[in-house]
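>
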Amino acid sequence: MKCLITILILAIIALAALLVYEIRFREYQNPWAQAQAQKESQEAAEAALRAESEKKEQNAADSGVVPLISDEQEDSLESQANRLALQYDYDGAISLLRSQPGYDRNERFKNLVSTYESTKAGCSPYPIDQITHVFFHTLVWDDAKAFDGDEKEAGYNQVMTTVSEFDSIITQMYNRGYVMVSLHDMASVADDGSLSTKEILLPPGKIPFVLSMDDCSYYHYMDGDGFAQKLIVTDDGKVKNTYVEDDGSISVGDYDLVPILDTFVAQHPDFAYHGHKGVLALTGYEGVLGYRTDEVYKTREEGRITMYQNAFFEANPDFDFDKEVADAKAVADAMKAEGWEFASHTWGHINPRQYTIEQVQKDSQRWHDWVVPVVGETDILIFAFGADIGDWQPYTYDNEYYAHYKSMGFNFYCNVDSSVKAWVQIGPDFLRQGRRNLDGYRMYYSPELISDLYDVDTAWDSNRPTPVPKM
Ligand SMILES: [Zn+2]
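Printed below as a string of structure tokens:
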């Protein structure tokens, strides 16, 4: 009996102990189990969300829709990139597309980039010292007025090119693979004034050339002789010419080189390397681009004002100098945005070596004071009369004219040399280039010298009086 009671007590104790253990065990286990369960369900939910968004992205990629760019943006970016590539700016086209959000998942952009890369790989650098340079003056729009037998006809016949000739010349040059480049594509200038050549990469068959236009002033003496009146910016931001018709009304259109080339490049973007067009060599004494922006139009200084300028003031009693400067600056800014550049042709159309260094300094000061505020700074000097400040040997600082012009910030110097296809001289701190005149005189007397550029018989304007007078 005692034994039984002992066993029973032991059993009760064991049961109680088990109960206590069980309770404590549960108390210990439950919070862990709960936390574990919570963590597991949270992870599962996150994984589900991740899977869902990955699936969404995959679906988006599969259907060709990149969520961060709309179809319209993509189309516009593709045409921007294609235009850059058409103008041989492959790096620009590639970086434009690569910088877009979602590029890594955009098969369309990646395919375009690989096309640009392979086109670039097929390009080769053109030798900088073999780049030719051609130039024109203001183009004759109305042959009958320019070639009317007056005392100015001979000059126009010798040094001008007509609009129909220019149209033919650029079309022929384009068809032969010529591509306009800037002097600034040929060399870069370091802060210390030293120059180093750059690389011009072009596909096989493409030939770079520099184009310049001299004396784009629409000088007073040309009034009524069949030339444009001035350059303007139209309401839609385009640069055009005005032309004074016989009845005095003003027409707006492509009457001279600048808008003609703008229109041509709009149709043939691959004629302009990186969108670069020509360089306009400007004098200052009758203003620029058809605007009367020189000092003398402001001061009307007795002794300096010419017969032409007096007649201009009589014909334009409401002339407002400040407005004239502002309008000219608007044209220059619009042209620069379109790929045009400006050069000094000296303020007074001078041959520097026929003047003392003091006179040349005064001329440069006038350029700086009255032309730079309109067209901006330039480091290109295109000599008037095809002159130069030295012979064929490199410029040195003991040439006081070079020392002066270099101190005025000029790094690129152009003379006229039609005897060779290309003449480029690159010194430590300058680049010199010879230019070839594509005018009546050259076409009439030595078409063989320009046969690499175009066929003269095709371009020749039969309205020109012949023979072109000897110089
Ligand atoms: Zn000139």
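Numbering (my numbering), first residue to last: 31 to 501.
Glycine included, each C-beta is placed from N, C-alpha and C at the ideal position.
Values in this document were obtained by computation on a predicted structure and should not be read as measured data.
Quick check on the burial criterion: 16 or more other C-beta atoms within 10 angstroms. Buried or exposed for I280?
When all chains shown are included, I280 counts as exposed.
> Only counting the same chain, and skipping five residues up and downstream in sequence, which positions put a Cβ closer than 7 Å to that of F301?
Only Y204, V209, M210, F294, V295 meet the Cβ criterion.
> Within the present structure, is the beta-carbon of D244 separated from the nearest heavy atom of ligand 1 by less than 8 Å?
Yes, the beta carbon of D244 sits closer than 8 Å to at least one heavy atom of ligand 1.
> Compute the Euclidean distance between the alpha carbons of L241 and L213, then round it to the nearest angstrom.
Cα-Cα distance, rounded: 9 Å.
> Under the three-state reduction of DSSP, which class applies to A296: helix, strand or coil?
If DSSP states are grouped into helix, strand and coil, A296 belongs with the helices.
> Whole-angstrom Cβ separation of V263 and V318, contact assumed at under 8 Å?
Their Cβ separation, rounded to whole angstroms, is 14 Å, which puts V263 and V318 out of contact at 8 Å.
> When DSSP builds the beta bridges, which residues end up paired with A123?
In DSSP, A123 forms no bridge with anything.
> Measuring CB atoms only, is the segment 447-454 touching the segment 125-141, in the sense that at least three cross pairs come out at less than 8 Å?
No: the two stretches stay apart, fewer than three of their Cβ pairs being nearer than 8 Å.
> Using the three-state DSSP reduction, which class does P403 fall into: helix, strand or coil?
It is helical.
> May I have the straight-line CA-CA distance separating A503 from L126, to the nearest angstrom?
This structure cannot settle anything about residue 503, because the visible part of the chain is limited to 31 through 501.
> If the criterion is Cβ atoms closer than 9 Å, does the pair Y443 and R466 meet it?
No; because the gap between Cβ atoms is not below 9 Å, this pair is not in contact.
> I believe Y248 touches G308 by the beta-carbon criterion, under 8 Å. Please report the beta-carbon distance rounded to the nearest angstrom.
That belief does not hold up - the Cβ atoms of Y248 and G308 are roughly 17 Å apart, past 8 Å.
> Among residues of its own chain, excluding the 5 on either side of I124, which ones have a beta-carbon nearer than 6 Å to its beta-carbon?
Closer than 6 Å at Cβ, skipping near neighbours: V143, Y146.
> I'd like to know whether the C-beta atoms of A311 and D393 end up nearer to each other than 9 Å.
No. Outside cutoff.
> Helix, strand or coil for K69, going by three-state DSSP, please let me know.
Three-state result, K69: helix.
> Quick check: D418 and N441, are their CB atoms within less than 9 Å of each other?
No.
> Starting from G464, trace the beta strand (DSSP E) both ways and give me its first and last residue.
Element bounds for G464: 461-467.
> Which ranges would you report for the beta strand (DSSP E) in the segment 368-412 if only whole runs of at least 3 residues count?
Counting whole runs of 3 or more residues, the segment 368-412 contains the beta strand (DSSP E) stretches 371-374, 410-412.
> Given that a residue counts as buried once 16 or more other Cβ atoms are within 10 Å of its Cβ, and exposed if not, what is P497?
P497 comes out exposed.
> Please determine, among K270, S71, L116, the residue with the shortest C-alpha to C-alpha distance to P233.
Among K270, S71, L116, the Cα nearest to that of P233 is on L116.
> Specify the secondary structure class of F349 as computed by DSSP and reduced to three states.
It is coil, neither helix nor strand.
> Kindly indicate the opening and closing residues of the beta strand (DSSP E) around V143.
No beta strand (DSSP E) contains V143, which is instead part of the alpha helix (DSSP H) from 137-151.
> Just to confirm before moving on: does the CB-CB distance between Y285 and L231 stay below 9 Å?
No, these two residues do not count as a Cβ contact at 9 Å.
> Look at the alpha carbon of L98 and the alpha carbon of N346, and state the distance between them as a whole number of angstroms.
Using only the alpha carbons, I get a separation of about 57 Å.
> Should A41 go down as buried or exposed, given a rule of 16 or more other Cβ atoms within 10 Å for buried?
It counts as exposed.
> Which word fits K270, buried or exposed, when buried means at least 16 other C-beta atoms lie within 10 angstroms of its C-beta?
Buried, since its Cβ has 16 or more Cβ neighbours within 10 Å.
> Identify which residue in I290, Q259, D119, W397 has its Cα closest to the Cα of D215.
When only C-alpha atoms are compared, the closest one is D119.
> Is T408 near ligand 1, going by C-beta to nearest heavy atom under 8 Å?
False, no ligand heavy atom lies under 8 Å from that Cβ.
> Could you give the uninterrupted runs of the beta strand (DSSP E) lying entirely in the segment 215-287, keeping only those of 3 residues or more?
You should have 217-219, 225-227, 237-244, 260-263, 269-274, 280-283.
> Which first and last residues belong to the alpha helix (DSSP H) in which V189 is found?
Where V189 is concerned, the enclosing alpha helix (DSSP H) stretches over 183-189.
> So, for D399: in the same chain, excluding its five sequence neighbours on each side, which residues have a beta-carbon less than 8 Å away from its beta-carbon?
Correct list, in chain order: E325.
> On the DSSP letters alone, give me the boundaries of the alpha helix (DSSP H) that Y471 sits inside.
From DSSP, the alpha helix (DSSP H) with Y471 extends over 470-475.
> Let me know the secondary structure DSSP gives Y118 once reduced to three states.
Three-state result, Y118: coil.
> Since I believe H375 is in contact with T313 (beta carbons under 8 Å), could you give me their beta-carbon distance rounded to a whole number of angstroms?
Between H375 and T313 the Cβ distance is about 5 Å, and since that is below 8 Å, they are a contact.
> Bridge partners for M210 per DSSP, in chain order?
Beta-bridge pairing links M210 to F239, A302.
> Roughly how many whole angstroms lie between the Cα atoms of V189 and F460?
Taking the straight line from one Cα to the other gives about 28 Å.
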